[in-house]
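Take any residue in the sequence shown, note its place counting from 1, add 7, and you have its number in this note's numbering.
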Amino acid sequence: MKNSLKIGICFGITSGIITTLGLMIGLESGTSSQTVVLGGILTIAIADAFSDALGIHVSEESQGNSAKEVWESTIATFLAKFLFALTFTIPVIFLSLGTAMIVGIAWGLTVLCVLTYITSTAEKEKPWWPIFEHLLTAIVVITITHFVGDAVSKYLG
């Protein structure tokens, strides 16, 4: 796979997992509203996918990559983030909100582990430490956003 595509896809999926889970958990714990969580996921899928794509675009330009490589990374980032974030809507639409949160967390963490395993082994690294680091980061984000949602609901709701 071309490096520019790999950069965009890996970044987009990873960002899609972390930001979407963080938003979902925070909104669910703060509102307990399926509509709000679904609206948040759709907002992340659109706004954050564009934001991440622009960030990759500028980053790739700053490294002196060709215009073709820059645009490949940009488009791959947008599509990976947008499409992966949308996968979290499925459990929210079809399951109770509490169950959807569990399924979403399981889905996101599983994909994060698989992606990390694939990228680590492709680089001839042992995958266990990167998997641990990435899971720990995701769990920290999930935990913090849960408590932020609770606090917002308690003190501002």
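Beta carbons are placed, not taken as given, at the ideal position from N, Cα and C, and that holds for glycine. The structure displayed is predicted, hence computed values, not measured ones.
Within this structure, are the beta carbons of Leu61 and Gly47 separated by less than 8 Å? The residue labelled residue 61 in the question sits at position 54 within the sequence shown. The residue labelled residue 47 in the question sits at position 40 within the sequence shown. It is not a contact, given that the beta carbons lie outside the stated cut-off.
Grab me the residues of Leu1's own chain with a C-beta within less than 6 Å of its C-beta, minus the 5 sequence neighbours each way, in chain order. The shown model of the chain, from 8 to 164, leaves out residue 1, and the question about it has no answer.
Counted within 10 angstroms of its Cβ, other Cβ atoms place Leu163 as buried (16 or more) or exposed: Reading the sequence shown from its first residue, position 156 is the one you call residue 163. By the neighbour-count rule (16 or more Cβ atoms within 10 Å), Leu163 is not buried but exposed.
C-alpha distance - Thr21 paired with Thr96, whole-angstrom precision: Working through the sequence shown from its first residue, we reach residue 21 at position 14. Working through the sequence shown from its first residue, we reach residue 96 at position 89. Going by the C-alpha atoms only, they are around 17 Å apart.
Let me know if Ser11 comes out buried or exposed under the rule of 16 or more other beta-carbons within 10 Å of its beta-carbon. The sequence position of residue 11 within the sequence shown is 4, counting from 1. The residue in question, Ser11, is buried, as its Cβ has 16 or more Cβ neighbours within 10 Å.
Span of the alpha helix (DSSP H), counted from its first residue to its last, around Ala54: Residue mapping note: residue 54 aligns to position 47 of the sequence shown, counting from 1. Ala54 -> no alpha helix (DSSP H), and no H or E assigned at all.
Based on Cα-Cα distance, which residue from Leu119, Phe89, His64 lies nearest to Ala145? Taking the sequence shown and counting its residues from 1, one reaches residue 145 at position 138. If we check each option's Cα against that of Ala145, Leu119 comes out closest.
When the Cα atoms are used, what is the spatial distance from Lys88 to Lys161? In the sequence shown, counting from the first residue as 1, residue 88 sits at position 81. In the sequence shown, counting from the first residue as 1, residue 161 sits at position 154. In this structure, the CA atom of Lys88 is about 32 Å from the CA atom of Lys161.
Classification of Phe18 by the beta-carbon crowding that lies within 10 angstroms, buried from 16 upward: Position 11 of the sequence shown, counted from the first residue, corresponds to residue 18. Buried.
Would you kindly work out how many angstroms separate the C-alpha atoms of Ala54 and Ser69, rounded to a whole number? Taking the sequence shown and counting its residues from 1, the one referred to as residue 54 is at position 47. Taking the sequence shown and counting its residues from 1, the one referred to as residue 69 is at position 62. Rounded to whole angstroms, the separation of the alpha carbons of Ser69 and Ala54 is 23 Å.
Please state whether the Cβ-Cβ distance between Leu27 and Ala92 is less than 8 Å. For the purposes of this step, residue 27 is taken as the residue at position 20 of the sequence shown. For the purposes of this step, residue 92 is taken as the residue at position 85 of the sequence shown. One detail in the question is off: residue 27 reads as Thr in this sequence, not Leu. For the 8 Å CB-CB criterion, Thr27 and Ala92 form a contact.
Beta-carbon within less than 7 Å of Gly111's beta-carbon, same chain only, minus the 5 sequence neighbours each way: which residues are those? Taking the first residue of the sequence shown as position 1, residue 111 is located at position 104. So the qualifying residues of the chain are Leu28, Met31, Phe95, Pro98.
Secondary structure at Pro134, three-state DSSP: helix, strand or coil? Along the sequence shown, read from residue 1 onward, the residue named residue 134 stands at position 127. Coil.
Pull up the distance between the alpha-carbon of Gly15 and that of Val77, whole angstroms please. As a first step, residue 15 must be located in the sequence shown, where it is residue number 8. As a first step, residue 77 must be located in the sequence shown, where it is residue number 70. Gly15 and Val77 have their C-alpha atoms spaced approximately 10 Å apart.
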